[in-house]
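Input: a single structure, listed below in structure tokens.
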Amino acid sequence: MPLKYLIVYVFIYILPLLFVRPSGELEIVWLIYLVPVLITTYYFGLRGGIANALLSTVIHMSWEFREHYFFDQIYDHSNFVTMALVDSAFFAVAIALGLMVEKFRSEKGQRIVQEKELQATTLDLETTLDSMSDGLFFLDNDLRLVYVNKTARKVLPSTVDNYIGKSLFEIQEHTKFEPEFLLECQKALLTQEELNFESYSRLAGRWLEVRIYPSHKGLTAIFRDITEFKRVQSEMVRLDRLNLIGVMAAGLGHEIRNPLTTVRGFLQLLGEAERFSDVRDRFELMISELDQANSIITEFLSLAKTKVTDVEQHNLNEIIKRLQHLFSANAICKDKTVILELNEIPNLMVNEKEIRQLILNLISNGLEAMSDSGVLTVRTFLEDDTVILSVQDQGQGIPSENIQKLGTPFWTTKDYGTGLGLAVCYGIAERHNASIDVDTSSEGTTFHVRFQMSAQPISKSA
1 MPLKYLIVYV
11 FIYILPLLFV
21 RPSGELEIVW
31 LIYLVPVLIT
41 TYYFGLRGGI
51 ANALLSTVIH
61 MSWEFREHYF
71 FDQIYDHSNF
81 VTMALVDSAF
91 FAVAIALGLM
101 VEKFRSEKGQ
111 RIVQEKELQA
121 TTLDLETTLD
131 SMSDGLFFLD
141 NDLRLVYVNK
151 TARKVLPSTV
161 DNYIGKSLFE
171 IQEHTKFEPE
181 FLLECQKALL
191 TQEELNFESY
201 SRLAGRWLEV
211 RIYPSHKGLT
221 AIFRDITEFK
231 RVQSEMVRLD
241 RLNLIGVMAA
251 GLGHEIRNPL
261 TTVRGFLQLL
271 GEAERFSDVR
281 DRFELMISEL
291 DQANSIITEF
301 LSLAKTKVTD
311 VEQHNLNEII
321 KRLQHLFSAN
331 AICKDKTVIL
341 ELNEIPNLMV
351 NEKEIRQLIL
361 NLISNGLEAM
371 SDSGVLTVRT
381 FLEDDTVILS
391 VQDQGQGIPS
401 ENIQKLGTPF
411 WTTKDYGTGL
421 GLAVCYGIAE
431 RHNASIDVDT
441 SSEGTTFHVR
451 FQMSAQPISK
461 SA
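At position 125 of the sequence shown the residue is numbered 125 (the numbering used here), and the sequence of numbers has no breaks.
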């Protein structure tokens, strides 16, 4: 009990003793002793109140009997009844107030415990939600953000806390939510039906699978990053096509090349005859077309391969230098330049013929992607345990919708392309346990071929 309350408490007991002469007419003054009973009961509960009521009773009775024995006053039995009623009031008030105080404190204690348990549960729930690999939004009926977990913050600006309580439409400019997402949220509110759809986040640069669960309080939006799944799915589609083409190439390639070789031989003989000298250019045209068909079949057969053959130790720098006169002449004819930046790299176990084809295809694509006076840069360098070959052009870049289609057989943006060049490159890289990554922007595109030193191929028979 604070000191100031203790002083008041003692003063209340002393007050009647100092200023009041007890008598029958002034008996009501003893009710002042109820005040310390009330104070004690409030601070110490039922037991403290009863103890203080007992103390007040003892003091009260002692004062009465002191008058009777020491002042020889005739004791009035009516005073005794009054005193008994007053003393009973001490206990009655102490018990009643004590029970009320203890009930109040018990309820208050329960509320405190419940609040602490609720806070702990809320903290555990937030920790659990933040540990989810799926992103989670809570939205009210006005599409205002109520809660965003840790994963969901990746598709929001770093200042996401400033947006709590604001609608998705207000923060559209900063979050770059796709219009489809906003429309689906509105649809879910109106229909109160669960929705499941895919959306692309421009801010995160990722594909998301979104599920929306409506309730009477708003929406719960859960999304999962499926970028890797879509990449694998696209790769599986590409591999399925490669497998189909491989089967076709293995079955038809050799059978088609044999008659083509025969036809080409006879055309060459006829073209050299004197009587056809005036139409010799037509024979040359037919022979060139047959050669073009034969080159396509050769690429077909390359796609049909599933294992790398005849691998030996070679250095990418040496292979590129031996090819330099080929692609440099091609670049000069197109008024373009090829720059080599070859750093020291270790030897690799590769099939030289296939690697030559991969390099020429990438360089040819890079030159065709640039306008006149463009510069193509071919680099080799070592990064940790990886030898990297990069071919960088200064073209206009690859549209984002076409990135996933790269390496798909027969898919091309060229007017006269076969759509097999990059497919062959991806196949060669796969057979050498390498990977091809693409970085593209409006300033150009770079193809990175990564050869893992720890995953070098072993020579096998096809």
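Backbone N, C-alpha and C define an ideal beta-carbon position, used for all residues, glycine too.
At the C-beta level, Ala-53 and Phe-104 stay beyond 9 Å of one another. Within the segment 390-445, the complete beta strand (DSSP E) runs of at least 3 residues fall at 434-441.
For Ser-133, the closest alpha carbon among the candidates Lys-116, Glu-341 and Thr-151 is that of Thr-151. Ile-319 and Glu-272 have their alpha carbons spaced roughly 38 Å apart.
Asn-196 carries a strand assignment under DSSP once its states are collapsed to helix, strand and coil. Between Leu-316 and Ala-221, the CB-CB gap reaches or exceeds 9 Å.
Bounds of the beta strand (DSSP E) holding Ala-221 are 218-225.
Distances from the CA of Thr-380 to each of Ser-454, Pro-399 and His-448 were compared; the closest alpha carbon is that of His-448. Contact between Leu-46 and Ile-95 is confirmed by a C-beta separation of about 7 Å, below the 8 Å threshold. Linking Ile-287 to Gly-407 through their CA atoms gives a straight-line distance of about 29 Å. Here Arg-379 is bridged, per DSSP, to Glu-341 and Ser-390. Leu-367 and Asn-402 have their C-alpha atoms roughly 19 Å apart.
The alpha-carbon of Val-375 is positioned some 20 Å away from that of Ile-388. Cβ atoms of Tyr-42 and Val-101 come within 8 Å of each other, at about 6 Å. Rounded to whole angstroms, Ser-442 and Ile-355 show a C-alpha spacing of 29 Å. In the three-state DSSP reduction, Glu-312 falls in the strand class (E or B). As DSSP reads the structure, Gln-452 sits in a beta bridge with Thr-386. Distance from the Cα of Lys-230 is smallest, within the candidate group Ser-88, Glu-115 and Trp-207, for Trp-207. Rounded to whole angstroms, the gap between the alpha carbons of Glu-352 and Gln-268 is 32 Å. If you draw a 10 Å sphere on the C-beta of His-432, you find 16 or more other C-beta atoms in it, and that means buried. Residue pairing by DSSP places Val-210 opposite Phe-197 and Phe-223 in a beta bridge. By the criterion of a C-beta distance shorter than 7 Å, Phe-327 is surrounded in its chain by Val-338, Leu-360 and Ile-363, once the five residues flanking it on both sides are discounted. The three-state secondary structure of Leu-136, taken from DSSP, is strand. Leu-145: member of the beta strand (DSSP E) spanning 145-148, first to last residue.
Judged by DSSP in its simplified three-state form, Leu-99 adopts helix.
For Leu-168, no beta strand (DSSP E) run applies, since DSSP gives it neither H nor E.
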